[in-house]
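Participant:
Residue numbers (this note's numbering): 24 to 299.
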C-alpha cells in the first residue's frame, strides 16, 4: 500500500454513485455460448452498452455450490473450465479479469446474517466468464463470485441478497447466473440449437415471468408449490437459486424487463431478467 489512492481504497471502499446499478439474472445455458456469436451472446454484449459501466461485477453462479458462503478474494481469479465433452477451443479460453480483495472484504462486512469465507482457491467458473467476457471483453473490470450455500433454501438466499443492496449504490453490477428452467436429463438433443420447449417448460416460464412482473415473489420462493411443472423444471435448485439473489435486490421503484426469452432443447429456458 504505497499510494494515497490505495490507502483511500482500503479505508473507504467504493464510493456511492449518483445512480443505482441494475441487477441481472442471466440464463447462461451451454458453455458454448462463451465463444459463439449468437443471439444470446450478442444480447449480453448489448446489455453492457445500455447500462452504466460498473466499478466491479459480482456474480452468483449456479456452478459454485458450497457448504457455507464464500466469496473470491484473490487479486487475479483463475478461469475455470468446469465442463467436459466440448471442443478444445472452449478449454483454451482465458478471461484474465482482476479480482478485488478489498471489495470482497467489504461484501463480507455487509452480509451480517451469516459467516462468509474469503476464498483464494476458486476463480471464475463458466457460469461467470462465458457471460462476462461478452459483456466486458477487455477484462479490465474486477470480477468476483459469491457462492451458493447448498444447505439453505430459497428464502434464505432471497433474504441474504437484500444485504447486498449497498453494492448497487456503489456501482457494482450484481448478476445471478443460472437458468430458470433447467433439466438436463430431459434435454431434446436433436433440438439443442432450436427454439423449442416442452409444454410444461413453456407453462412454467410464463408463470415465472408473470410473477416477476407483478412483484409477487412468494410463489417463486416457494417454487415447490407450483406443481408438476416446477418439479420438472427445477429437479435441483442450483440453477434456480441465482434468481433469488436477483429478485431479493429489487426495490419497489425498480422496473422489470426480460431479454433472451427463449426455450431451447425442450427443457431449458434462456429467459433473463433486468431489474432497474
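Beta carbons: idealized from backbone N, C-alpha and C, even for Gly. These figures come from a predicted structure and were not determined experimentally.
May I have the straight-line CA-CA distance separating residue 283 from residue 291, to the nearest angstrom?
Facilitator: For the purposes of this step, residue 283 is identified with residue 260 of the chain shown, where counting begins at 1. For the purposes of this step, residue 291 is identified with residue 268 of the chain shown, where counting begins at 1. For residue 283 and residue 291, the distance between alpha carbons rounds to 12 Å.
Participant: For residue 133, count neighbouring C-beta atoms within 10 Å of its own C-beta (all shown protein chains included) and say buried if the count is 16 or more, exposed if not.
Facilitator: Against the chain shown, residue 133 aligns to sequence position 110. With fewer than 16 other Cβ atoms within 10 Å, it is exposed.
Participant: How would you write the range of the beta strand (DSSP E) that residue 310 sits in, first residue to last?
Facilitator: This structure does not reach residue 310, given that the chain is present from 24 up to 299, and the question cannot be answered.
Participant: Who are residue 185's beta bridge partners in DSSP?
Facilitator: Within the chain shown, residue 185 is the residue found at index 162, counting from 1. DSSP, once it has assigned bridges, lists no residue as partnering residue 185.
Participant: Note down, in chain order, each residue of its chain lying with its Cβ closer than 6 Å to the Cβ of residue 285, except the 5 sequence neighbours on either side.
Facilitator: On the chain shown, position 262 is the one that residue 285 refers to. Once the five neighbours on either side are set aside, the close Cβ partners of residue 285 are 218, 293.
Participant: Which of the three DSSP states is assigned to residue 237 in this structure?
Facilitator: Taking the chain shown and counting its residues from 1, one reaches residue 237 at position 214. Helix at residue 237.
Participant: Could you name each continuous alpha helix (DSSP H) segment of 4 residues or more that falls completely within the segment 135-200, going from the start of the chain to the end?
Facilitator: Within the segment 135-200, the complete alpha helix (DSSP H) runs of at least 4 residues are 149-158, 177-185, 188-192.
Participant: Once you ignore the five residues that flank residue 140 on each side, which residues in its own chain have a CB closer than 8 Å to its CB?
Facilitator: Reading the chain shown from its first residue, position 117 is the one you call residue 140. Contacts found: 91, 92, 93, 94.
Participant: Which value, in whole angstroms, describes the spacing of the CA atoms of residue 74 and residue 43?
Facilitator: Within the chain shown, the letter at position 51 stands for residue 74. Within the chain shown, the letter at position 20 stands for residue 43. Their Cα atoms are separated by approximately 10 Å.
Participant: Which partner residues of residue 220 appear in the DSSP bridge assignment?
Facilitator: Indexing the chain shown from 1 puts residue 220 at position 197. DSSP output for residue 220 lists 289 as bridge partner(s).
Participant: Let me know the secondary structure DSSP gives residue 118 once reduced to three states.
Facilitator: Taking the first residue of the chain shown as 1, we reach residue 118 at position 95. The answer is coil: DSSP assigns residue 118 none of H, G, I, E or B.
Participant: Taking the beta strand (DSSP E) that residue 280 falls in, what are its first and last residues?
Facilitator: Taking the first residue of the chain shown as 1, we reach residue 280 at position 257. Residue 280 -> beta strand (DSSP E) spans 279-282.
Participant: What is the C-beta distance between residue 289 and residue 210, in whole angstroms, given that I count them as a contact (C-beta under 8 Å)?
Facilitator: The residue given as residue 289 occupies position 266 in the chain shown. The residue given as residue 210 occupies position 187 in the chain shown. That belief holds up - the Cβ atoms of residue 289 and residue 210 are roughly 6 Å apart, short of 8 Å.
Participant: DSSP three-state label for residue 268, please.
Facilitator: Mapped onto the chain shown, residue 268 falls at position 245. Three-state result, residue 268: helix.
Participant: On the three-pair Cβ rule with 8 Å, is the segment 100-120 touching the segment 193-206?
Facilitator: Cβ pair count under 8 Å is below three, so no.
Participant: Using only CA atoms, which one of 201, 170, 252 lies nearest to residue 144?
Facilitator: Here residue 144 corresponds to residue number 121 of the chain shown, with the count starting at 1. Selected option, being the one with the closest Cα: 170.
Participant: In or out: residue 191 buried (at least 16 other Cβ within 10 Å) or exposed?
Facilitator: The sequence position of residue 191 within the chain shown is 168, counting from 1. By the neighbour-count rule (16 or more Cβ atoms within 10 Å), residue 191 is buried.
Participant: In the DSSP assignment, find the unbroken beta strand (DSSP E) run with residue 47 in it and report its ends.
Facilitator: Your numbering for residue 47 matches position 24 in the chain shown. Where residue 47 is concerned, the enclosing beta strand (DSSP E) stretches over 46-50.
Participant: Can you confirm whether the segment 39-53 touches the segment 260-272 when touching is taken to mean that 3 or more C-beta pairs between the two stretches lie within less than 8 Å?
Facilitator: Yes: at least three Cβ pairs fall under 8 Å.
Participant: What's the C-alpha gap between residue 173 and residue 184?
Facilitator: For the purposes of this step, residue 173 is identified with residue 150 of the chain shown, where counting begins at 1. For the purposes of this step, residue 184 is identified with residue 161 of the chain shown, where counting begins at 1. Whole-angstrom Cα-Cα distance: 15 Å.
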